[in-house]
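For the sequence shown, our numbering begins at 10 and goes up steadily by one. Before any comments, here is the structure.
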Amino acid sequence: MEIDFSKNNELYNFFKELDRSIFIDNEYKDIAHHDSALPIGHEQTISQPSLVYGMTEKLKLDKSLKVLEIGTGSGYQTTFLAEFAGEVCTVERIDDLSKKAQKRLAKLGYKNVRFKIGDGSEGWAEFAPYDRIIVTAAAGKVPEPLVEQLKPGGWLLIPTGEQGLQDLLMIKKDEQGKVKEQSLGKVIFVELKGKYGWAH
Ligand code: SAM
């Protein structure tokens, strides 16, 4: 994926300022500044910083937008969404990870995030439709409920493909509800589990 690292914009400054070690509470804390995914327990990872930056940049967020995130993980990506979008709903299937992320976001002072523990492959219908949906785990194919829960004019960013190497798809729904997808490049994410993801 091509990442636009133009400096002197709010996103870039936030990215540089945010201390990633806040989101890691194991032996990897000391290397939190490395630009790599790192283990956070439960066989899951905190995403690579440059990829979090790049994916956030692709979403073109502003405070008028409601965003759904699937795969809260450590809450690192969630923090970018909370900073730049108006409202964030985030779903994580692992109770312990979600609870730790909730504490971190609360400590950072964000009040615009709703957390759910459950199967995000089904989206979060209660607060749909969404202007943006970002999935930070890889699906074999695009979960239909996520497309349904997009607003007309909304965008869905999701890694899709085989376990081990995926295309990062940007799926855009037009005002008539027609969807178009484009690959932004190859990425590697852990599996999206659940009803519309890989088997448990
Ligand atoms: N963006 C996160 C961060 O910055 O820490 C990292 C996300 S990690 C690569 C992927 C996360 O997706 C894991 O925490 C995993 O438990 C979660 N996940 C996988 N399948 C899920 C599902 N069906 N519903 C919700 N979360 C899921």
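Glycine included, C-beta positions come from ideal geometry on N, C-alpha and C. Model, not experiment: these values are computed from the prediction.
Distance check between ALA146 and each of LYS160, GLN158 and GLY129 places GLY129 closest, using alpha-carbon atoms only. For the set GLU52, GLY50 and ASP28, the Cα lying nearest the Cα of ASP44 is the one of ASP28. Counted as a single uninterrupted DSSP element, the beta strand (DSSP E) harbouring ARG123 occupies residues 122-126.
Here DSSP, grouped into helix, strand and coil, assigns GLU157 to helix. The closest heavy atom of the ligand SAM lies less than 6 Å from the beta carbon of VAL199. Under a 10 Å Cβ-count criterion, GLY206 is classified as buried, with 16 or more other Cβ atoms of the shown protein chains found around its own Cβ.
Taking the Cα positions, ILE103 is about 23 Å away from VAL156. Taking C-beta separations shorter than 7 Å and ignoring five residues to either side along the sequence, the partners of LYS150 in its chain run THR169, following chain order. Inter-residue distance for LYS25 and GLU66 is about 14 Å (C-alpha atoms, whole angstroms). Annotated as distal: ALA46 and GLN53, with beta-carbon spacing of 7 Å or more. GLY194 and MET10 do touch by the CB rule: their CB atoms are close to 4 Å apart, below 8 Å. Short of 8 Å from the beta carbon of LEU106, and not among the five residues preceding or following it, lie these beta carbons of its own chain, in chain order: ILE49, GLY50, HIS51, GLN53, THR81, GLY82 and SER83. Here the distance from the Cβ of ASP34 to the nearest heavy atom of the ligand SAM is not below 6 Å. Contact between ILE55 and ILE33 holds: CB atoms are separated by about 6 Å, below the 8 Å threshold. Counted as a single uninterrupted DSSP element, the beta strand (DSSP E) harbouring THR99 occupies residues 96-101. Nearest C-alpha to LYS69 among GLU171, ARG123, GLN185 and ILE12: ILE12. In this structure ALA94 is not in contact with GLU101, their Cβ atoms being roughly 18 Å apart against a cut-off of 8 Å. For the pair MET64 and LEU178, the CB atoms are not nearer than the 7 Å cut-off.
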